[in-house]
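What follows is one structure encoded as C-alpha cells, with my remarks underneath.
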Amino acid sequence: MLKDQVALITGASRGIGREIALTFASKGAKVVVNYSGSEAKAQEVVDQIVANGGEAIKIKANVSNEADVKAMVKETVKAFGSLDVLVNNAGITRDNLLMRMSEADFDDVIDINLKGVFLCTKAVTRQMMKQRSGRIINVSSVVGVSGNAGQANYVSAKAGVIGLTKTTAKELAARNILVNAIAPGFIATDMTDELTEEQKEQMLALIPLNKLGKAEDVANVALFLASEQANYVTGQTIQVDGGMVM
Amino acid sequence: MSETFEKVKQIVVDRLDVDEDKVTLEASFKEDLEADSLDVVELVMELEDEFDMEIADEDAEKIATVGDAVTYIDSNQ
Numbered sequence: 001m002l003k004d005q006v007a008l009i010t011g012a013s014r015g016i017g018r019e020i021a022l023t024f025a026s027k028g029a030k031v032v033v034n035y036s037g038s039e040a041k042a043q044e045v046v047d048q049i050v051a052n053g054g055e056a057i058k059i060k061a062n063v064s065n066e067a068d069v070k071a072m073v074k075e076t077v078k079a080f081g082s083l084d085v086l087v088n089n090a091g092i093t094r095d096n097l098l099m100r101m102s103e104a105d106f107d108d109v110i111d112i113n114l115k116g117v118f119l120c121t122k123a124v125t126r127q128m129m130k131q132r133s134g135r136i137i138n139v140s141s142v143v144g145v146s147g148n149a150g151q152a153n154y155v156s157a158k159a160g161v162i163g164l165t166k167t168t169a170k171e172l173a174a175r176n177i178l179v180n181a182i183a184p185g186f187i188a189t190d191m192t193d194e195l196t197e198e199q200k201e202q203m204l205a206l207i208p209l210n211k212l213g214k215a216e217d218v219a220n221v222a223l224f225l226a227s228e229q230a231n232y233v234t235g236q237t238i239q240v241d242g243g244m245v246m
Numbered sequence: 001m002s003e004t005f006e007k008v009k010q011i012v013v014d015r016l017d018v019d020e021d022k023v024t025l026e027a028s029f030k031e032d033l034e035a036d037s038l039d040v041v042e043l044v045m046e047l048e049d050e051f052d053m054e055i056a057d058e059d060a061e062k063i064a065t066v067g068d069a070v071t072y073i074d075s076n077q
C-alpha cells in the first residue's frame, strides 16, 4: 500500500509511533524513526524493520527545536530522496490538576505536543509542495475533543492539534497535500500504563466496546490515511476510541 | 538585461504559467501575474534553490515585484 513511500514518524521508538513505523514498513514504506531520548529503543524498531526486509533509519531530534527538526527533514530527504508522509506522533504528558500544574509543565507539553507539530509540518511542507503531493497525519487524542480532568496542558495541546490540522489542510490542499488527525482513545501503551488502576477502571466504564485499544488499531487508521484509499479525505479528525466519545 | 533577471523570469514563467512579455521588473506577482500567496511562497523557495541562498521569511514578505526579487538576489549573493 505504501510501496517506496518515504514516511517520517516522530516519537517512533515506543507505543503508537513504533506501531505506525512497523505497520508502514510492512506495507513497503521507507521509514524514518525519530526519537529524542530512547536511542536503544529506536534502534530496535529499525532493526526489526530491516530484519523483515524493509528500509529504515533512525534520527534523533527534539521536535520542539526548529534547528533539530530542519536537520531531521534534510537528513530524511538526503537518505531517501523524497518525503511523502509525515506522522506527527511525538508527545509527552505532565498530568496534574490545573490548580497544581506548574507553568513549566504546561509549557513543556505545549512545546512538544503542539509546537512540535507546527515545526515538523512547516519543515516538510517545502519538500511536499515541490513534489505536489504529501500526507500529514497528526496524532491528537480523544481528550482533545472531550476534555479530561488532570490534563489541562495535554488537552489544550491535543485540541490545538485538531485546529492546526484543519488550517494546514486548507492551506495545502491546493498542492495536493492532505492533512488529517487521528484521535486515539484509551490505547494500551507505556503512556497509559502510568495511569492508576482506579483511573483505568473509570475509563473502561466509559468505553462502549468495553476494552482498551491496541496501538495497531491506531496504526491501521494511520495506514489508511497515508494510502491512496484516502485520496479524498483532508482536514478530518478520526477517533479511534471504541466509541468513547460520540 | 541582467543574468539574474533572465533566470528569475524563466522561473516565473514556468511556475506561474504566464507569458514571458508580462514578466517585467515592475510586474507585481500578486496583481500583474495573478499569483496567490502560496504561489509566492513557492516561487521564493525555487529562487532559493536556483541561486543557492536562503531568503529569510521577513525578507521574503517584502518581495512584491519581479524587480524586488532580482534586486534582493543581486545584493545578497
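Residue numbers (full-length UniProt numbering), protein chains in the order written: chain L, 1 to 246; chain A, 1 to 77.
Built from N, CA and C at the ideal position, the CB exists for glycine as well.
The C-alpha of residue 5 of chain A lies about 11 Å from the C-alpha of residue 47 of chain A. Pairwise C-beta distances place the stretch 12-24 of chain L in contact with the stretch 211-228 of chain L, as three or more of them are shorter than 8 Å.
Within the same chain, and ignoring the five residues on either side of residue 230 of chain L in sequence, the residues whose Cβ sits closer than 6 Å to its Cβ are 224. With a threshold of 16 other beta carbon atoms within 10 Å, residue 138 of chain L meets it and is buried.
The bridge partners DSSP lists for residue 28 of chain A are A:65. The three-state secondary structure of residue 207 of chain L, taken from DSSP, is coil. A direct Cα-Cα distance of roughly 5 Å separates residue 236 of chain L from residue 180 of chain L. Within chain A, the residues 38 have their CB atoms less than 7 Å from the CB of residue 174 of chain L, given in chain order.
For residue 219 of chain L, the closest C-alpha among the options L:95, L:24, L:71 and L:206 is that of L:24.
Looking at the backbone, the Cα of residue 44 of chain L and that of residue 13 of chain L are separated by about 8 Å. Residue state for residue 137 of chain L is assigned as strand, using DSSP reduced to three classes.
Distance from the CA atom of residue 143 of chain L to the CA atom of residue 159 of chain L, rounded to whole angstroms, is 8 Å.
From the beta-carbon of residue 128 of chain L, no residue of chain A is found nearer than 7 Å; the closest lies around 11 Å away.
In terms of Cβ geometry, residue 176 of chain L and residue 135 of chain L do not form a close pair [threshold 7 Å]. Taking 7 Å as the threshold, the shortest C-beta distance from residue 53 of chain A to chain L does not fall below it.
The beta carbon of residue 26 of chain A sits no closer than 7 Å to any beta carbon of chain L.
For residue 23 of chain L, no beta strand (DSSP E) run applies; the uninterrupted alpha helix (DSSP H) run containing it begins and ends at 15-26, by DSSP. Per the DSSP secondary-structure output, residue 213 of chain L pairs in a beta bridge with L:187. Taking C-beta separations shorter than 7 Å and ignoring five residues to either side along the sequence, the partners of residue 15 of chain L in its chain run 189, 190, 191 and 215, following chain order. In the three-state reduction of the DSSP assignment, residue 237 of chain L falls in the strand class, which pools E and B. Out of L:63, L:141, L:11 and L:30, the CA that lies nearest to the CA of residue 41 of chain L is found in L:11.
Contact of residue 48 of chain A with chain L is not assigned, every C-beta pair being separated by 7 Å or more. Using a Cβ-Cβ distance cut-off of 8 Å, the stretch 69-76 of chain A and the stretch 48-60 of chain A are in contact, since at least three pairs of beta carbons, one from each stretch, lie closer than that value. Annotation for residue 38 of chain A: no beta strand (DSSP E) segment contains it, though the alpha helix (DSSP H) segment containing it runs 37-51.
For residue 31 of chain L, the enclosing beta strand (DSSP E) begins and ends at 30-35. One Cα belongs to residue 122 of chain L, the other to residue 81 of chain L, and the distance between them is close to 18 Å. Contact between the stretch 162-174 of chain L and the stretch 98-108 of chain L is absent: fewer than 3 CB-CB pairs across the two stretches fall below 8 Å. Within its own chain, the residues whose Cβ lies closer than 6 Å to the Cβ of residue 7 of chain L, once the five positions on either side in sequence are excluded, are 24, 29, 31 and 85, listed in chain order. C-alpha of residue 66 of chain L to C-alpha of residue 16 of chain A: approximately 30 Å in a straight line.
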